[in-house]
Every structure is written in C-alpha cells, then in structure tokens.
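*Asks:* Before I ask anything, here is the structure I am working with.
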Amino acid sequence: MKYKNWIALFSQTGSEIADLSEGINRKPDFVITNAELPGDIDPRVHVDFRVNNEESKTLDILDNIEFDISKTLITLNGWLRIVPASKCNMYNIYNGHPGLITKYPELKGKDPQKRVWENISSYAKIGSVVHKVVAEVDAGEVMVEKSARTRDVYNLDKTYDTLRKTSFDAWIEFLKEHL
101 MKYKNWIALF SQTGSEIADL SEGINRKPDF VITNAELPGD IDPRVHVDFR
151 VNNEESKTLD ILDNIEFDIS KTLITLNGWL RIVPASKCNM YNIYNGHPGL
201 ITKYPELKGK DPQKRVWENI SSYAKIGSVV HKVVAEVDAG EVMVEKSART
251 RDVYNLDKTY DTLRKTSFDA WIEFLKEHL
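Put into structure tokens, the structure is as follows:
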C-alpha cells in the first residue's frame, strides 16, 4: 500500500530519520519525539511535537493529527517506548528492529545488538527487520529483512555498525515501496 503522509517518532537523536529522509529524498510530514535534551537532536530533523514521558506511553497526540489516518504511515525510528495495543490496532505503525528475529526469535525485545555480540558464535548471520507494530513486542509481520555475515563482525562497535547498516537498508526498501 502507498501512503500519502509519513509520521516519524524517535526517542534518541533522530539521525536515523534524517539519514532516511536523505536516502529517499523525502522528509516526514510530522515528527514526534520524547527526547529529553533538545541539544542532542540531529539539526537536520524538524521536530513538530515533543511529548513527555507520560504522554509517550499513550501517544494521544496521534488522535489529534489532521491527516487521513488510513493514508498515513507511522514509523518508529529509535522510539524507546511500548506502543499501547489500542494505538497498534488503530494506526499503520512500523518499527525497525536491529535483530534478525525471523531466524532468531530470541532477539526480540530490548538491546538485541548487545545480545548478538555476546553470543556471536551462535549466529551465522546478523541483521535487521522492519515489522508491523502489534500489541506483542516485536511480533508483527516482518515486511523487510536485511542481513550480513557474522564473519565480518569482530567487535561490539562493528556489530552496532553492521546492524545500523542493515536497518538503514531495510528502511530504505520499505519506505520506497510504501511512500
């Protein structure tokens, strides 16, 4: 499905959104963050709305956005909060996850990069997915997956770099298809 509008959410710096925007030559129509320190936000990202921690749990701001929600794609780009089931069911929300959960379901949840590195010999490949957001964490339909060989990963920094690259590639493919 092609979406008309794009809403992006982030909790950290927003640099992933900026890089993706450059990669597809399109900026989000609306950006929401719960980042605490505005000085840490990538200057290439225009933030439309900042939620506090309590609001970030409910995402009620989405109910007040004036886009046709059936034509709106919502992406979680480093959004470090659980999306309530009511919002998962109401909106078209997709998440990038830096763990190859299609092959290794144990990588669902928080900090898969660290867990991959700690058990690197257990994995033939590492990678990232873009998946539909559902009430259960990291359990929605996987839309795109990208992987890399583990033999090219030799330390924790290289693990993060490789997963960042596979995540970027997965997002680019997904966004080009759906926007």
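Numbering (the numbering used here), first residue to last: 101 to 279. Glycine residues also receive a C-beta, built at the ideal position from the N, C-alpha and C atoms.
Just mark K258 as buried or exposed, buried being the case when its beta carbon has 16 or more other beta carbons within 10 Å.
*Replies:* So K258 ends up on the exposed side.
*Asks:* Would you call the CB atoms of E280 and N195 closer than 8 Å?
*Replies:* Because the chain spans 101 through 279 in this model, residue 280 falls outside it and cannot be assessed.
*Asks:* So does the segment 111-126 actually touch the segment 137-156, counting three or more Cβ pairs closer than 8 Å?
*Replies:* Flag = yes, the segment 111-126 and the segment 137-156 touch.
*Asks:* Could you tell me which of V230, I165, K210 sits nearest to L180, measuring between CA atoms?
*Replies:* Nearest C-alpha to L180: K210.
*Asks:* My parser needs the beta strand (DSSP E) runs of 3 or more residues fully inside the segment 150-176; what are they?
*Replies:* The qualifying runs are 172-176.
*Asks:* Please report how far the alpha carbon of H278 lies from the alpha carbon of G240, in whole angstroms.
*Replies:* Answer to the nearest angstrom: the Cα atoms are 17 Å apart.
*Asks:* For the alpha helix (DSSP H) that N216 lies in, which residues bound it at each end?
*Replies:* Here the sequence assigns Val to residue 216, which means Asn is not the residue at that position. 212-218 is the span of the alpha helix (DSSP H), which, as asked, contains V216.
*Asks:* Rounding to the nearest angstrom, what Cα-Cα distance links Y254 and K246 in this structure?
*Replies:* Spanning the two alpha carbons is a distance of roughly 19 Å.
*Asks:* Checking 8 Å against the spacing of the C-beta atoms, do K171 and Y223 come in under that value?
*Replies:* Their beta carbons are not under 8 Å apart, which means K171 does not touch Y223 by this criterion.
*Asks:* Thinking just about the alpha-carbon of each residue, which of A185, I124, D238, M190 is nearest to the one in Y204?
*Replies:* Y204 has its Cα closest to that of D238, out of A185, I124, D238, M190.
*Asks:* Beta-carbon within less than 8 Å of I193's beta-carbon, same chain only, minus the 5 sequence neighbours each way: which residues are those?
*Replies:* So the list reads I174, T175, L176, V183, K187, K232, V233, once near-sequence residues are dropped.
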